[in-house]
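Worksheet for the structure shown next.
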Amino acid sequence: MISQNLHKIKEQLLAITKKCGRNPEEIRVVAVSKRFPVSAIQEAIRSGQALFGENYIQEAQLKIAAFDKDIDFHFIGHLQSNKAKIAAQLFTMIETIDSEKLAISLNKHLEKLDKSLNILIQVNTGLDGKKNGVTPANAEDLLKKISGLSQLRVKGLMTMPPWTSNAEDARPYFRDLRLLGDDLKKKNLFFDNNSIELSMGMSQDFHIAIEEGATLIRVGTAIFGQRMKI
Ligand SMILES: *Cc1c(COP(=O)(O)O)cnc(C)c1O
10 MISQNLHKIK EQLLAITKKC GRNPEEIRVV AVSKRFPVSA IQEAIRSGQA
60 LFGENYIQEA QLKIAAFDKD IDFHFIGHLQ SNKAKIAAQL FTMIETIDSE
110 KLAISLNKHL EKLDKSLNIL IQVNTGLDGK KNGVTPANAE DLLKKISGLS
160 QLRVKGLMTM PPWTSNAEDA RPYFRDLRLL GDDLKKKNLF FDNNSIELSM
210 GMSQDFHIAI EEGATLIRVG TAIFGQRMKI
């Protein structure tokens, strides 16, 4: 099932990029494996998937230990400073940095590990009280404060729009993220201002996110099926 689902998503990705004139190689699928067992991740790996997303540090710690270094895990959950040390060790990207305090704490642990880490700034484009992330208005300030930290490579932006049952409703938030990225690129605030990452779009709306410029889509349910409630 996982294999068929991945195949279907790759086909959709090709069809959408063709329609909107984008290069499909610019877009990577982050297979969101939270609350799915190691066996599900292994099945996805057998189908060629090598990039996964996890939300919970303790769960990720147990699962990631089972995999070789060539499998990439992105952290996409809310990171607390007291978990920054473990996160620094486990992940190849942390997509959810939204405060200077967190960035400083992460940088400190990375210095000790002598490791550089790719990060994204999580932006609360919908100004949604239930979501984490810096407000669009404060993104520039945060970037200025953390772009000098030695071990962090700020590669781009991530967003999660307010929940809605209609995928099309997410479009303005995806567009806002892209425009914010364009603005901050011009100010040279990223690690590589020629190409930045935009992580946006989930199972129900990744097609819209691709049309609006996503370079990372975070897809869980459409690959692994319905998650167990906890
Ligand atoms: C769970 C999660 C996803 C995946 O959501 P699906 O609807 O299952 O595709 C994507 N991004 C974040 C931040 C998540 O927490």
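Going by the working numbering, the first residue of the sequence shown is number 10, and it counts up by one from there. Even for Gly, the Cβ is constructed at its ideal location relative to N, Cα and C.
By the beta-carbon neighbour count (other beta carbons within 10 angstroms, threshold 16), residue 224 is buried.
Rounded to the nearest angstrom, the gap between the Cα atoms of residue 60 and residue 161 is 20 angstroms. A direct Cα-Cα distance of roughly 14 angstroms separates residue 204 from residue 127. DSSP places residue 63 within a strand segment (E or B) once states are collapsed to three. Boundaries of the alpha helix (DSSP H) harbouring residue 97: 93–99, taken from the DSSP string. 170 is the residue among 13, 120, 122 and 170 whose C-alpha sits nearest the C-alpha of residue 143. For the segment 27–73, the continuous beta strand (DSSP E) assignments of 3+ residues that do not extend past its boundaries occur at 37–41 and 60–63, in sequence order. Placement of the Cβ of residue 10 at a distance of 7 angstroms or more from every heavy atom of ligand 1 is found.
Taking non-hydrogen atoms of ligand 1 into account, the C-beta of residue 227 is found less than 7 angstroms away from one of them. The beta carbon of residue 105 lies closer than 8 angstroms to those of 84, 85, 86, 87, 88, 129, 131, 141, 142 and 167 in the same chain, with the five residues before and after it left out. With a threshold of 16 other beta carbon atoms within 10 Å, residue 23 falls short and is exposed. For residue 62, same chain residues with a beta-carbon under 6 angstroms away, outside a window of 5 residues either side, are 39, 41, 83, 85 and 227 in chain order.
In the structure shown, residue 213 falls within a coil segment according to DSSP collapsed to helix, strand and coil. For the 8 angstroms CB-CB criterion, residue 188 and residue 148 do not form a contact.
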